[in-house]
Amino acid sequence: MAIISRWAKSIAKVLESSFAVSSSIADHKTILGDARESFIRDVLQRFLPRNISIGSGQIVDAEGGISRQIDLIIYRNDFPILRTFGSADVYLIEGVVATVEVKSQLNETQLFQALENGKSVRNLKVSITPESMDHYSQFMYRKPFAELPPAQSFSVRDQLLPPTYIYGYNGYTASSLDTLRQSLNAWHGELGQGEQDVTLMPEVIATQGCVTLKNLNNILGLPRVAGEELEACRQAFNRALGLSLNKREFLGYFRERDDQGFDYGIGLKTCEAPLQYLISSLLQTLTSRVGHPQLGSTAIQYDLSRYHLSEEMEGRWSGAAVNLTRISDPRLDFARANGL
């Protein structure tokens, strides 16, 4: 097993014990809320490099958008922070590496609240120079950004925004995996909530006995979405917009050819130590958003994946949240197009 996975498993046990002690001596919501955030914050601060800090508060963009109150904001130290006189500060979206919502008890009500908090971050707009957008788009898809089809355009925008995470000390267990799937599908399918948009979904949800992982480009190798789930999507779409589209008309909104299928946007499975997936994903996020660690001034880059990816993290996944908008990871698209 990779050493970081072993470390995450051990830390998870310490977290559970620490939170259990706090719960046994305090039952006030605010005290427990502070405790749950401070425990996971302490773990992440010990793990993250010094050029990254952790705070809480709200996130803003240059167009006046503002997020909800966010439990943990993982932020680059080379970006400014708008300090307040309290414990909650204001952060620029461009400097945010990731956000984490922390829940004592992750039931459906708390899950939906955490998802809405993450959505408020993912709805912000990152300020990027047009030249750099075109350069990235040209490199990945061999087209300027303005000429990309909708699926590729949304996929590029998805990469600009910081991923969101949800951690629950208690809640959905190994025996309630299907309940978690139903909750995720319920939120994802409503246009007033998840908007059938996978970009609004968290990168990882880690809770008591199960874990979810975003499944762009079907990296988890899940089977294609069955007809009955597409039918549920069609009904939700028609209901929300007051339409009466038949199956062919509905699917025509989201695919270019009749023979194209749809993948799940989320994979989920039971897991004894879900924190290892959150830690592993955060490592990948740091690499992609801050940069690969490299050897001095050379272009030689270190590969840290072998420290946190292990065989036990593969397999046994099932799907949720149909990826109707066909969002993908441009890096994986590039690799496939170039036979890498």
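All residue numbers for the sequence shown refer to this note's numbering, where the first residue is 1304 and numbers rise by one. Glycine is no exception: its CB is placed at the ideal position from the N, C-alpha and C atoms.
Check, Outcome
"Sequence ranges, alpha helix (DSSP H) only - wholly within the segment 1486-1529, length at least 4", "none"
"Exposure label - Glu1434; buried when at least 16 CB within 10 Å", "exposed"
"For Arg1484, three-class secondary structure by DSSP", "helix"
"Other residues of its chain near Lys1550: CB distance less than 8 Å, five sequence neighbours each side excluded", "Leu1533, Glu1534 and Arg1537"
"Whole-angstrom C-beta distance between Gly1474 and Leu1409, which should lie under 8 Å", "3 Å"
"Cβ neighbour criterion (16 or more within 10 Å) applied to His1331", "Confidence at His1331 is low in this model, with a pLDDT of 48, below 50, so its placement is unreliable and the value that follows should be read with caution. So His1331 ends up on the exposed side."
"CB of Glu1366 within 7 Å of CB of Lys1446, strictly", "no"
"Gly1492 classed as buried or exposed, judged by whether at least 16 other C-beta atoms fall within 10 angstroms", "buried"
"Residue nearest to Thr1387 in terms of C-alpha spacing, selected from Gly1471, Lys1406, Gly1360 and Val1405", "Gly1360"
"Short Cβ contact (7 Å threshold) for Ile1357 with Arg1344", "yes"
"Pairwise C-alpha distance: Ser1407 and Ile1334", "Only weak support is given to the placement of Ile1334: the predicted model assigns it a pLDDT of 49, under 50, and the value that follows is read from those uncertain coordinates. Their Cα atoms are separated by approximately 11 Å."
"8 Å contact criterion, which Asn1420 and Glu1404 should meet: CB distance rounded", "5 Å"
"Exposed unless 16 or more other CB atoms sit within 10 angstroms - verdict on Val1317", "exposed"
"Under the three-state DSSP convention, the category Gly1555 falls into", "helix"
"Backbone secondary structure at Ser1621 - three-state DSSP", "strand"
"Strand pairing of Lys1422, partner residues [DSSP]", "Note: Lys1422 sits in no beta bridge, so no partner."
"Proximity test, Val1501 beta-carbon vs the ligand GTP heavy atom, cut-off 6 Å", "Absence of the ligand GTP from the depicted structure is noted, as is the absence of any ligand whatsoever, leaving it without description."
"Beta-carbon spacing of Val1459, Leu1581 below 7 Å", "no"
"CB contact flag (Ala1391, Thr1588, <7 Å)", "no"
"First through last residue of the alpha helix (DSSP H) which encompasses Ala1638", "Pro1633 to Ala1640"
"Local conformation of Gln1587 per DSSP, three classes", "helix"
"Boundaries of the alpha helix (DSSP H) in which Ser1456 is found, first to last residue", "Pro1453 to Leu1463"
"For Arg1558 and Arg1379, the rounded distance between their alpha carbons", "38 Å"
"Stretch pair the segment 1460-1479 + the segment 1500-1514: three plus CB contacts closer than 8 Å", "yes"
"Rounded separation between Thr1573 and Ser1479 - CA only", "9 Å"
"Under the three-state DSSP convention, the category Lys1550 falls into", "helix"
"Sequence-distant residues of its chain with Cβ nearer than 6 Å to Asp1632 (five each side left out)", "Leu1519 and Asn1520"
"Residues sharing a beta bridge with Leu1401, DSSP", "Rather than Leu, the amino acid found at residue 1401 in this sequence is Ala. Ala1401 pairs with Ile1377."
"Sequence-distant residues of the same chain with beta carbon closer than 7 Å to Leu1627, five excluded per side", "Gln1499, Cys1536, Phe1557 and Phe1565"
"Rounded Cβ spacing between Met1443 and Asp1636 (contact assumed at less than 8 Å)", "7 Å"
"Between the CA atoms of Glu1617 and Trp1310 - distance to the nearest angstrom", "18 Å"
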